[in-house]
Each structure stands twice: as structure tokens, then as C-alpha cells.
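From first to last, the protein sequence lines stand for chains B and C.
First residue of the first sequence: 78, per the numbering used here; consecutive thereafter.
First residue of the second sequence: 3, per the numbering used here; consecutive thereafter.
Note that CB positions come from ideal geometry on N, CA and C, so glycine has one too.
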Amino acid sequence: MTLGARQVRSLHTAYFFVLNYDAMKRLNLTPYAALLVLVALLSACSGPSENSGASNTNAPQQANSNSAPQPQIAHGSAPAAAPSPAPLTVQQIPPPPAPAAKSPAAGNANAAKASAAGNARAPKLVVSDKKIDYGKQPQDKALVRAIVIKNGGLADLNIESVVPS
Amino acid sequence: MDFPKVLRPGQAGKINVKVETGKSPGPHTKSVTIKSNDPNDPSHLVQFAFDVKG
């Protein structure tokens, strides 16, 4: 059985119409060819990652290093798809600039200055002793002590109460 | 408890405090609170410590 030229051409078109631009043009398949090119590009771009695929099937116990959280580092400009992995360069992220606002310590210092200026004419209680230690004492003894107080301020000091606690 | 009600600037005074040791042996601490119109120290605490012999 021999095939004529027309049949051979039909077979050629039927088997290779995808790759034969002339056949596609004749059959008005140009839009489909563009779609095929797009699909091929998409599939190439979304190919399997480095750690997936058949290469990992022989070592299922290996932990995926990408699952661990990575520290925040800045990598250099080495290409990702280089045939031999270039050493990564780690760049230190510079700390954020110090805020321009005043620090709390400076604010407290200013507040203390303002308070001191406001209390320049205030009274000031000065007590001779803060803690009096009598040492060892017998039972049922009355200890009498005079606490000396003084007004070290510039206004009258009013003693409102003296309360044992 | 006797204490001066008003102290002029630079004036000093005395507060007489009496503390009873009691019968319970061991270390004790008692305190007296002086309340005044000092804006920086309106409630001043003075402590008395003693050790009662058993």
C-alpha cells in the first residue's frame, strides 16, 4: 500500500501540526499556538523546587531545611540558579536610626528641675533619725525618745499628725 | 504624743515618743508616721527597733 503525496502531507500535518507553523497557519491554529507557548512558559516557570521531586524519594527521613524558620538576613546578589552554589554573603541590617524625640531620662530631669523650681518656697521636713535601734531591752519597759524635727524649707511647716503604726 | 503644730523656716522642734517593750521576747519594730505639708515628704516614717530579752 502506497500513500500519495496528499496523504503523506495530511499525516505530516496530523502528527506535527503543533510544531509545524505552516500547517497551523493554514488550519488557522495560530491562537492555539500562542496558548501552547504560554502554557509551556508557565510550566517551565512553575517547575519543581530544588528539594522536591524524585531526588528526595530515596531519602524520605531527611528533614526539609526550608521548614525551619530562617533568620532575617540580607543575601548578596548571587544568582539563584547558578550551577555551583556561590557562598552567601550576609549583610548586617543596620539598626534603625534613633528617634528624634527626647529620651525619658531627659524628660524626668526636666520634670525634676521644674518641680524643684516650683518647690523653691515650699516647706521641708528634716528629721534627725530615720531608724532608732534600742538594742536589747527588758520586758515591760517604757522607752522614751525625743525626735528632733526641723523645717529646712522657706515656708511654714505644718505638722498635721504624728501617728504610731 | 506632743509635737509642734507649726515650724517657721529654719525652726526646730521635738516630738516625744514613748515605746513600750511589752512581754513578748524577741526582736520588735515599731514606727511613727509624721504627716506634714512638705510636698516632697508628706508622710515621713521613723522606726524604733528593740530586742526584748526572754
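Whole-angstrom distance between A14(C) and G56(C), CA atom to CA atom: 39 Å
Contact check, L231(B) vs P6(C), beta carbons under 8 Å: no
Classification of L115(B) by the beta-carbon crowding that lies within 10 angstroms, buried from 16 upward: exposed
Cβ-based burial, P200(B) [other Cβ within 10 Å; buried from 16]: buried
Beta-carbon spacing of S38(C), L220(B) below 8 Å: Taking 8 Å as the Cβ cut-off, S38(C) and L220(B) do not qualify as a contacting pair.
Length of the line joining the Cα atoms of D53(C) and D206(B): 19 Å
K16(C) versus Q49(C): straight-line alpha-carbon distance, rounded: 16 Å
Proximal residues, the stretch 8–20 of chain C versus chain B, C-beta separation under 9 Å: V8, L9, R10, P11, G12, Q13, A14, G15, K16, I17, N18, V19, K20
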